[in-house]
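Protein chains in written order, with my numbering: chain X, 1 to 308; chain D, 309 to 589.
Glycine included, every Cβ here is placed at the ideal spot set by N, Cα and C.
Written below as structure tokens is the structure these notes are about.
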């Protein structure tokens, strides 16, 4: 057990910058967008409210100037405007956490691609190999860390960012707007959906990560090219020779980004669970078999052919 | 003598090239063996086979275990320094000590901390920030803190200055070695380990050229310094090596009794370095 914990700690020590930088960049992006959006929304609604308010007052025969519109009147109109503006966002259930997960999984692809390659290149593998730890265990830890570790850190940062952005929104907008806003970041969108995505991703995307780890354990140079070029070649050859795209289609379907894209389109957790854990269960099992093969192959390379 | 390592007919090839070719040797407990050979002789390959890091043909038992099939169990009783530059640069000293302490069942954390306190190595330093000598000290601290029965060293002091090299071997003897421990070492700096060794193996082209206990060296080999006048007489005894040396000639003989040569010049035991040159040429 201690070996497993230290295995994860070792990965965290080595890659903590990469793990944290991507979600932090996303957070920075969200902060900029939120501030810009707040400014433009306030500008638009304020202008709209004053115009509407003047019209309504004129219609009722009251003769108030723009300067006589009270602060309370203005807030009421802003609230109305925001509710109307956010009504079309109800289908975007997952976008906030989804962006964090996409960033985390992109970073984790690069992590997986370098994790079994860098220690061979700097020869530190010779030190790791003096420790009584099976290579299979090391590869499995890296697989788990790539899929779950990166995304878990990103989701944790998304919770913090969500809290900060909500606080900012509460400070800027009247409370009645946020309380009724159906697009505001609720528990399910921030917590349940990301966890569901991570668990599904662990099983569904395992063949992709296992393939990346195998490339990382096998090649002598430029692992990124050795990952991309064979996939392109397979796609072209399969298309030209057999007029099919079974292999490429399988890889594409099991990509974490395809998973996230499909997840974002779904209307409920039940629909998502049914799609991946019932309708596509056979493909998931096939993916796990493929993942097991690549994990074993990566461990074999570590055991027998690790020199660069 | 309990054999810590027993290699018989060890063979390893890379394509058509043989890195090890029917290589055999035995190393008993409490011994220090020097595996000496030129570049490309197969030393590192032999050590990697011993450590279960490379496949091979032939029979090999390390601590009574098969390195290919029982590597994990074997590694609990073996420590290995492949090169001083292999510690992960991105780690801090504290992280490396914590990791090694956590995953190796025979690692003595108190011993490692005690050893490190005697050095100038800071626990929060990154390994990339340490000098090569300090990295060697750190690696040695980690290695000798493992209560291993067998220590395998592959060119452990390469690239170090003379002070660190001396210090390395002193600490190895003082802090690690006792009659229950065994050391196998490969190095090019033969002169520095000569006084430590109990056994000597010369390897060339993947084959053991000579395998001898240091106690037997004196009786089996001798070096004779002769003047020009006696040179032709002693050549009849078929020296294995001959070199000119400031007006005299130094000849190395194998299996010739000292009494037969004593009248021709000054007799001594050849150094391992001279013997190595003699055997290799």
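Consider the Cβ of residue 19/X: report whether some Cβ of chain D lies at a distance smaller than 9 Å. Numbered from 1 along the first chain, position 19 holds the residue referred to as residue 19/X. Proximity of residue 19/X to chain D, defined by a Cβ-Cβ separation below 9 Å, is not satisfied.
Using beta-carbon positions only, say whether residue 519/D and residue 332/D come within less than 9 Å of one another. As a position in the second chain, residue 519/D is number 211, starting the count at 1. As a position in the second chain, residue 332/D is number 24, starting the count at 1. With contacts defined by Cβ atoms closer than 9 Å, residue 519/D and residue 332/D form a contacting pair.
Is the shortest distance between the beta-carbon of residue 348/D and the beta-carbons of chain X less than 9 Å? Counting from 1 along the second chain, the entry for residue 348/D is found at position 40. For residue 348/D, the nearest beta carbon of chain X is not closer than 9 Å to its own beta carbon.
Decide if the segment 442-452 of chain D is in contact with the segment 341-360 of chain D; the criterion is three or more beta carbon pairs, one per stretch, under 8 Å apart. Contact between the segment 442-452 of chain D and the segment 341-360 of chain D is absent, because fewer than three Cβ pairs lie under 8 Å.
Can you tell me whether residue 130/X is buried or exposed? The criterion is at least 16 other CB atoms within 10 Å of its CB, across all chains shown. Sequence index remark: in the first chain, residue 130/X carries index 130 (1-based). Under a 10 Å Cβ-count criterion, residue 130/X is classified as buried, with 16 or more other Cβ atoms of the shown protein chains found around its own Cβ.
7 Å Cβ cut-off: residues of chain D touching residue 314/X: The shown model of chain X, from 1 to 308, leaves out residue 314/X, and the question about it has no answer.
Indicate the three-state DSSP secondary structure (helix, strand or coil) for residue 442/D in the structure shown. Against the second chain, residue 442/D aligns to sequence position 134. Reduced to three states, the DSSP call for residue 442/D is helix.
contact_flag[the segment 224-241 of chain X, the segment 152-167 of chain X] where n(CB pairs < 8 Å) is 3 or more: Taking 8 Å as the limit for Cβ pairs, the verdict is that the segment 152-167 of chain X does not touch the segment 224-241 of chain X.
So is residue 274/X buried or exposed if we call it buried at 16+ other beta carbons inside 10 Å? One-based indexing of the first chain puts residue 274/X at position 274. That one is exposed.
Kindly list, in the order they appear in chain X, the residues whose Cβ is closer than 8 Å to that of residue 391/D. As a working note, residue 391/D is residue 83 in the second chain. Taking a Cβ-Cβ threshold of 8 Å, the residues of chain X close to residue 391/D are 123 and 126, in chain order.
Pull up the DSSP beta-bridge partners for residue 370/D, would you. The residue you call residue 370/D lines up with position 62 of the second chain. The secondary-structure analysis by DSSP pairs residue 370/D across a beta bridge with 313/D and 373/D.
Is there a Cβ of chain X sitting closer than 9 Å to that of residue 324/D, yes or no? Counting from one through the second chain, the residue named residue 324/D turns up at place 16. For residue 324/D, no Cβ of chain X is located within less than 9 Å of the residue's own Cβ.
Express the C-alpha separation of residue 113/X and residue 298/X in angstroms, rounding to a whole number. Along the first chain, one-based indexing puts residue 298/X at 298. Along the first chain, one-based indexing puts residue 113/X at 113. For the pair residue 298/X and residue 113/X, the Cα-to-Cα distance works out to about 12 Å.
Within 7 Å of chain D by C-beta, residues of the segment 4-16 of chain X in sequence order: Of all residues in the segment 4-16 of chain X, only 6, 10, 13 and 14 place a beta-carbon less than 7 Å from a beta-carbon of chain D.
Is residue 408/D close to chain X, meaning its C-beta is less than 9 Å from at least one C-beta of that chain? For the purposes of this step, residue 408/D is taken as the residue at position 100 of the second chain. At a cut-off of 9 Å, the C-beta of residue 408/D has a neighbouring C-beta in chain X.
Is residue 386/D close to chain X, meaning its C-beta is less than 9 Å from at least one C-beta of that chain? The count along the second chain starts at 1 and reaches residue 386/D at position 78. True, the Cβ-Cβ gap to chain X drops below 9 Å.
Which class does residue 183/X belong to by DSSP, given the choice of helix, strand or coil? Position 183 of the first chain, counting from 1, holds the residue named residue 183/X. Reliability fails at residue 183/X, whose pLDDT of 47 lies under 50, so the model's placement of it is uncertain and the value that follows must be treated cautiously. Coil, per DSSP.
Would you mind telling me which residues of chain D sit closer than 7 Å to residue 133/X, beta carbon to beta carbon, in chain order? Position 133 of the first chain, counted from the start, is the residue given in the question as residue 133/X. From the beta-carbon of residue 133/X, the residues of chain D found nearer than 7 Å are 411.
Using a C-beta to C-beta distance shorter than 8 Å, which residues of chain X count as neighbours of residue 363/D? On the second chain, residue 363/D is found 55 positions in, with the first residue counted as 1. Neighbourhood of residue 363/D in chain X, by CB distance below 8 Å: 304, in chain order.
Beta-carbon proximity list for residue 337/D, same chain, < 6 Å, skipping 5 on both sides: If you number the second chain from 1, residue 337/D lands on position 29. Leaving aside the five residues that flank residue 337/D on each side, the residues in its chain whose CB is nearer than 6 Å to its CB run, in chain order, 310, 312 and 490.
Per DSSP, residue 115/X forms a beta bridge with which residues? By one-based count along the first chain, residue 115/X stands at place 115. Note: residue 115/X sits in no beta bridge, so no partner.
How big is the Cα-Cα spacing for residue 85/X and residue 168/X? The residue labelled residue 85/X in the question sits at position 85 within the first chain. The residue labelled residue 168/X in the question sits at position 168 within the first chain. With a pLDDT of only 41 at residue 85/X, under the threshold of 50, the placement of this residue in the model should not be trusted; the figure read from the coordinates follows. When rounded, the distance between both Cα atoms is 18 Å.
Can you tell me whether DSSP reads residue 533/D as helix, strand or coil? As a first step, residue 533/D is located in the second chain; it is residue number 225 there, counting from the start. The answer is strand: DSSP assigns residue 533/D an E or B state.
Taking three-plus beta-carbon pairs below 8 Å as touching, is the segment 416-425 of chain D in contact with the segment 137-147 of chain X? Judged by Cβ distances under 8 Å, the segment 416-425 of chain D makes no contact with the segment 137-147 of chain X, as fewer than three pairs qualify.
Quick one: using the 10 Å Cβ neighbour count with 16 as the cut-off for buried, is residue 479/D buried or exposed? Counted from its first residue, the second chain places residue 479/D at position 171. It counts as buried.
Does any residue of chain X have a CB that is nearer than 9 Å to the CB of residue 381/D? Walking along the second chain from the start, residue 381/D turns up at place 73. Residue 381/D counts as touching chain X.
State yes or no: is the beta carbon of residue 445/D nearer than 9 Å to at least one beta carbon in chain X? For the purposes of this step, residue 445/D is taken as the residue at position 137 of the second chain. Taking Cβ atoms only, chain X never reaches closer than 9 Å to residue 445/D, which makes this a no.
Specify the secondary structure class of residue 586/D as computed by DSSP and reduced to three states. For this step, residue 586/D is matched to residue 278 along the second chain. Looking at residue 586/D - three-state DSSP - the assignment turns out to be helix.
Would you check whether the ligand HEM has a heavy atom nearer than 8 Å to the C-beta of residue 579/D? Among the ligands in the structure shown, none appear at all, so the ligand HEM cannot be discussed.
Using a Cβ-Cβ cut-off of less than 8 Å, list which residues of the segment 108-119 of chain X approach chain D; keep chain order. Answer set for the segment 108-119 of chain X: 119.
Going along the chain, which residues of its own chain have a beta-carbon closer than 6 Å to the beta-carbon of residue 433/D, five neighbours each way excluded? Here residue 433/D is taken as the residue at index 125 of the second chain, counted from 1. For residue 433/D, where only same-chain residues beyond five positions count, the Cβ hits under 6 Å are 401.
State yes or no: is the beta carbon of residue 275/X nearer than 9 Å to at least one beta carbon in chain D? Taking the first chain and counting its residues from 1, the one referred to as residue 275/X is at position 275. Chain D contact via Cβ: absent.
For a minimum of 3 consecutive residues, which ranges assigned as the beta strand (DSSP E) are wholly contained in the segment 414-498 of chain D? Uninterrupted beta strand (DSSP E) stretches at least 3 residues long and entirely within the segment 414-498 of chain D occur at 458-462 and 490-494, given in chain order.
Please report how far the alpha carbon of residue 324/D lies from the alpha carbon of residue 349/D, in whole angstroms. As a working note, residue 324/D is residue 16 in the second chain. As a working note, residue 349/D is residue 41 in the second chain. Going from the Cα of residue 324/D to the Cα of residue 349/D covers about 15 Å.
Helix, strand or coil for residue 324/D, going by three-state DSSP, please let me know. As a first step, residue 324/D must be located in the second chain, where it is residue number 16. Three-state result, residue 324/D: coil.
Could you give the DSSP three-state label for residue 245/X: helix, strand or coil? Sequence index remark: in the first chain, residue 245/X carries index 245 (1-based). Residue 245/X carries a coil assignment under DSSP once its states are collapsed to helix, strand and coil.
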